[in-house]
Every structure is written in structure tokens, then in C-alpha cells.
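In terms of the numbering used here, the sequence shown is residues 559 to 640.
Even for Gly, the Cβ is constructed at its ideal location relative to N, Cα and C.
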Amino acid sequence: MRAVCLVSKKASPYVSYEAVMHKREQRRKSLEFFRSHELVNEDGDTLDMEDVVNASSSNPAHRRNEMMACVKGLELIAGNAR
559 MRAVCLVSKK
569 ASPYVSYEAV
579 MHKREQRRKS
589 LEFFRSHELV
599 NEDGDTLDME
609 DVVNASSSNP
619 AHRRNEMMAC
629 VKGLELIAGN
639 AR
């Protein structure tokens, strides 16, 4: 993308506009899929797939919180090692 000047300081410093649009469309399709499907466990209980995904670590907000907790733990370990 840099070779065709789609990623540059002036155009878009991190990713191309097309990459951003592709990612948004991918998220929209995933959300549509999650909303239209249900999960059934061995006992026959039915759960909305969207609820399961939002409660799991595949949720970006949960993933970020887990990463920040891990970083804090590593900082504490590094501080104790000094």
C-alpha cells in the first residue's frame, strides 16, 4: 500500500482507507452473523450467540482490559525484582 501512496504521512499515516472500510464491513458481517444465530448446549439450553460473544474474551473491550491487567501485573513483578 505504501508503494501506491495509500499509506503515507499525508494520505493515511497507519492504514489505507480501503483497509479501514474492509475492517468495518467485516465487523458488520460478523455482528449480523452473531445476531442471527443461537447456540445450544448439551442440556438443550439455547443462548443468543451475540450474548456469548460479548461476554467472552473475543469482545475487544474485554481483551483490552485483560491486556491492561496483565501489563499491570508485569509492572508489579518488575518493581519487586529491583
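{"Check": "With distances taken between CB atoms, is the gap from Leu597 to Leu589 smaller than 8 Å?", "Outcome": "no"}
{"Check": "Return the bridge partner residues of Leu597 from the DSSP annotation.", "Outcome": "Leu605"}
{"Check": "Pop quiz: Glu608 and Arg593 are said to be a contact at Cβ under 8 Å. What is the actual Cβ separation, rounded to whole angstroms?", "Outcome": "5 Å"}
{"Check": "Which value, in whole angstroms, describes the spacing of the CA atoms of Val610 and His595?", "Outcome": "11 Å"}
{"Check": "Looking at the unbroken alpha helix (DSSP H) that takes in Asn617, where does it start and where does it end?", "Outcome": "Neither: Asn617 is in no alpha helix (DSSP H) and is coded neither H nor E."}
{"Check": "Which class does Tyr575 belong to by DSSP, given the choice of helix, strand or coil?", "Outcome": "helix"}
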